[in-house]
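Written below as C-alpha coordinates is the structure these notes are about.
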Amino acid sequence: MVSMRAEISLKLGLGLEKLIPVKFNGLSYNIIYKTESFETFTREILKELSELISHDNIHLYTNAGIDLHTSETELYGIKVHKVSYNSIELEG
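Under the working numbering, the first residue of the sequence shown carries the number 1, and numbering increases by one thereafter.
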(Lines of atoms letter the chains of each structure in order from A and count residues from 1; the text may use other names and numbers.)
(Lines give C-alpha, C1' and ligand atoms only; values in the text may rest on other atoms or scores of the structure.)
Protein backbone atom coordinates (compact mmCIF):
# COMPACT_ATOMS: atom_id res chain seq x y z
CA MET A 1 0.00 0.00 0.00
CA VAL A 2 1.33 3.42 -0.93
CA SER A 3 1.63 6.03 1.77
CA MET A 4 1.70 9.77 1.05
CA ARG A 5 2.72 12.66 3.29
CA ALA A 6 1.94 16.35 3.11
CA GLU A 7 1.78 19.39 5.34
CA ILE A 8 -1.09 21.80 5.85
CA SER A 9 -0.52 25.32 7.14
CA LEU A 10 -2.92 26.40 9.93
CA LYS A 11 -3.06 29.03 12.66
CA LEU A 12 -3.19 27.45 16.13
CA GLY A 13 -2.99 28.81 19.65
CA LEU A 14 -1.85 32.41 19.66
CA GLY A 15 -2.45 32.87 15.94
CA LEU A 16 0.97 31.55 14.95
CA GLU A 17 1.03 29.69 11.68
CA LYS A 18 2.04 26.03 12.02
CA LEU A 19 2.70 23.28 9.52
CA ILE A 20 0.53 20.29 10.37
CA PRO A 21 1.81 16.96 9.00
CA VAL A 22 -0.79 14.77 7.26
CA LYS A 23 -0.22 11.16 6.21
CA PHE A 24 -2.47 9.17 3.87
CA ASN A 25 -2.16 5.40 4.25
CA GLY A 26 -4.50 4.40 1.45
CA LEU A 27 -7.57 4.20 3.71
CA SER A 28 -7.50 7.27 5.90
CA TYR A 29 -5.76 10.56 6.50
CA ASN A 30 -3.90 10.65 9.82
CA ILE A 31 -2.83 13.86 11.47
CA ILE A 32 -0.41 13.47 14.37
CA TYR A 33 0.26 16.78 16.08
CA LYS A 34 2.37 17.13 19.23
CA THR A 35 2.67 20.46 21.00
CA GLU A 36 4.79 21.64 23.90
CA SER A 37 2.83 24.84 24.40
CA PHE A 38 -0.82 25.73 24.82
CA GLU A 39 -2.47 25.29 21.46
CA THR A 40 -6.07 24.54 20.63
CA PHE A 41 -7.84 23.07 17.64
CA THR A 42 -10.98 25.21 17.58
CA ARG A 43 -14.16 24.12 15.85
CA GLU A 44 -13.28 26.52 13.02
CA ILE A 45 -9.83 24.95 12.60
CA LEU A 46 -11.37 21.46 12.53
CA LYS A 47 -13.82 22.64 9.87
CA GLU A 48 -10.95 24.14 7.84
CA LEU A 49 -8.96 20.88 8.13
CA SER A 50 -11.98 18.91 6.97
CA GLU A 51 -12.49 21.18 3.97
CA LEU A 52 -8.80 21.12 3.03
CA ILE A 53 -8.51 17.34 3.20
CA SER A 54 -12.03 16.62 1.91
CA HIS A 55 -12.15 12.92 2.80
CA ASP A 56 -14.58 10.92 4.93
CA ASN A 57 -11.93 9.11 6.98
CA ILE A 58 -9.72 11.59 8.88
CA HIS A 59 -8.08 10.89 12.25
CA LEU A 60 -6.46 13.56 14.45
CA TYR A 61 -4.10 12.38 17.21
CA THR A 62 -2.95 15.22 19.47
CA ASN A 63 -2.16 16.37 22.96
CA ALA A 64 -3.35 19.90 22.07
CA GLY A 65 -6.64 21.26 23.32
CA ILE A 66 -9.70 20.37 21.26
CA ASP A 67 -12.87 22.46 21.22
CA LEU A 68 -15.31 19.54 21.54
CA HIS A 69 -18.06 18.74 23.99
CA THR A 70 -17.29 15.80 26.28
CA SER A 71 -19.78 13.61 24.43
CA GLU A 72 -18.22 14.36 21.02
CA THR A 73 -15.44 12.26 19.52
CA GLU A 74 -15.90 13.46 15.94
CA LEU A 75 -16.59 16.77 14.24
CA TYR A 76 -16.80 17.62 10.52
CA GLY A 77 -15.80 14.05 9.71
CA ILE A 78 -12.61 14.24 11.79
CA LYS A 79 -12.29 11.54 14.43
CA VAL A 80 -10.43 13.09 17.37
CA HIS A 81 -8.08 11.01 19.52
CA LYS A 82 -6.78 12.86 22.60
CA VAL A 83 -3.45 11.38 23.62
CA SER A 84 -0.87 12.26 26.25
CA TYR A 85 2.30 14.13 25.39
CA ASN A 86 4.53 11.11 26.10
CA SER A 87 2.48 8.68 24.04
CA ILE A 88 2.81 10.58 20.75
CA GLU A 89 5.44 9.14 18.45
CA LEU A 90 6.23 11.34 15.50
CA GLU A 91 7.43 9.54 12.40
CA GLY A 92 10.44 11.09 10.75
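By construction, the Cβ of each residue, glycine as well, lies at the ideal position given by its N, Cα and C atoms.
Given residue i as reference, the closest of the options once Cα atoms are compared
| i | options | result |
| --- | --- | --- |
| residue 4 | 52, 49, 21, 80 | 21 |
| residue 76 | 87, 64, 42, 63 | 42 |
| residue 85 | 49, 19, 35 | 35 |
Where residue i sits in the DSSP three-state scheme
| i | result |
| --- | --- |
| residue 7 | strand |
| residue 88 | coil |
| residue 34 | coil |
| residue 39 | coil |
| residue 72 | coil |
Contacting residues, own chain, Cβ-Cβ under 6 Å from residue i (five flanking each side not counted)
| i | result |
| --- | --- |
| residue 23 | 5, 30 |
| residue 57 | 28 |
8 Å Cβ shell around residue i - same chain, five flanking residues per side excluded
| i | result |
| --- | --- |
| residue 17 | 9, 10, 11 |
Burial state of residue i (16 or more Cβ within 10 Å)
| i | result |
| --- | --- |
| residue 62 | buried |
| residue 46 | buried |
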